[in-house]
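A.B. asks: Here the sequence shown stands for residues 428 to 591, where the numbers follow the numbering used here.
Below is a structure I'd like to ask you about.
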Amino acid sequence: MTYIWKLMNIMKNQNNKVMNRQNKKKINKNYYYALWSDAINYQRRNGKNLLSDWKFNLFFSMSMVQSFNIATLFMILRMCGLDIGSFIHNYVDISLSKRLNSFLWAVISLYIPSALITYFSIFYKKKYIKILNEYSFENGKTLKVYMFLSFLLFFIVAFINQKY
């Protein structure tokens, strides 16, 4: 009888270890979707924007924040000696106006990639419905922390990048 009891405890412990590993994987890989779940719920609940469509407002604003993250990445790469921004800027030089060229560079190299990532990871085939069902609402806390850290990191890296 004790042998069966020990065998059952071993199987139970093995099962708990497997479940813990699976839960850790699920928690670790889903911060992006948890952020989006929080952002969607927060926008739908508290959104007082000019446009009534929460999808467009959220798509535009989160793509802009992600554009800041891409710009931060470009600045970090520039400090490491890989100047991707200037490389792309040389190919966007289509107008005599420097402002128009800079605007086109920002749209092509910063906004379009972030908009494509957002669209295909969240809105394509209404994936946001599945995300809303799987992740909890943190009352905008995750969204606010993400936006604050994104802008803070951008300004810190920009300040450091002035020396390069």
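Cβ coordinates follow ideal geometry from the N, Cα and C atoms, glycine included.
All figures in this text were calculated on a predicted structure; none of them were measured in a lab.
Considering only the alpha carbon of each residue, which of M502, W481, N468 and R526 lies closest to I583?
C.D. replies: For I583, the nearest C-alpha among the options comes from M502.
A.B. asks: Thinking L537 and A498 are a contact (beta carbons under 8 Å), I'd like their distance in whole angstroms, please.
C.D. replies: 6 Å between Cβ atoms; contact.
A.B. asks: Alpha carbons only, please: which of K571, Q589 and G512 is nearest the one belonging to W463?
C.D. replies: Checked all of K571, Q589 and G512; the closest Cα to W463 is K571.
A.B. asks: Check whether the segment 484 to 498 touches the segment 526 to 545, taking contact to mean three or more Cβ pairs, one atom from each stretch, closer than 8 Å.
C.D. replies: Short answer: they touch.
A.B. asks: Nearest to Y555 by alpha carbon, out of I587, Y518 and K482?
C.D. replies: Among I587, Y518 and K482, the Cα nearest to that of Y555 belongs to K482.
A.B. asks: Spatial neighbours of F581 within its chain, please: CB distance less than 7 Å, with the 5 preceding and 5 following residues excluded, ordered by chain position.
C.D. replies: Correct list, in chain order: F495, A498 and T499.
A.B. asks: For the alpha helix (DSSP H) holding D465, just list the boundary residues, first then last.
C.D. replies: D465 -> alpha helix (DSSP H) spans Y458 to N473.
A.B. asks: First and last residue of the alpha helix (DSSP H) that includes Y555?
C.D. replies: Segment K554 to E561, the alpha helix (DSSP H) holding Y555.
A.B. asks: Apply the 10 Å Cβ neighbour rule to Y573 and answer buried if 16 or more other Cβ atoms are within range, or exposed otherwise.
C.D. replies: With 16 or more other Cβ atoms within 10 Å, it is buried.
A.B. asks: Three-state secondary structure (DSSP) at Q589?
C.D. replies: In the structure shown, Q589 sits in coil (DSSP, three-state: anything other than H, G, I, E or B).
A.B. asks: Here's the rule I'm using: 16 or more other beta-carbon atoms within 10 Å means buried, otherwise exposed. How should I467 be labelled?
C.D. replies: Buried, since its Cβ has 16 or more Cβ neighbours within 10 Å.
A.B. asks: On the DSSP letters alone, give me the boundaries of the alpha helix (DSSP H) that V492 sits inside.
C.D. replies: Per DSSP, V492 belongs to the alpha helix (DSSP H) from W481 to M506.
A.B. asks: Would you kindly work out how many angstroms separate the C-alpha atoms of I587 and F578, rounded to a whole number?
C.D. replies: About 14 Å.
A.B. asks: Hey, quick one: how far does the alpha helix (DSSP H) through N528 stretch, first residue to last?
C.D. replies: Looking at the DSSP string, the run of the alpha helix (DSSP H) that includes N528 is K525 to A533.
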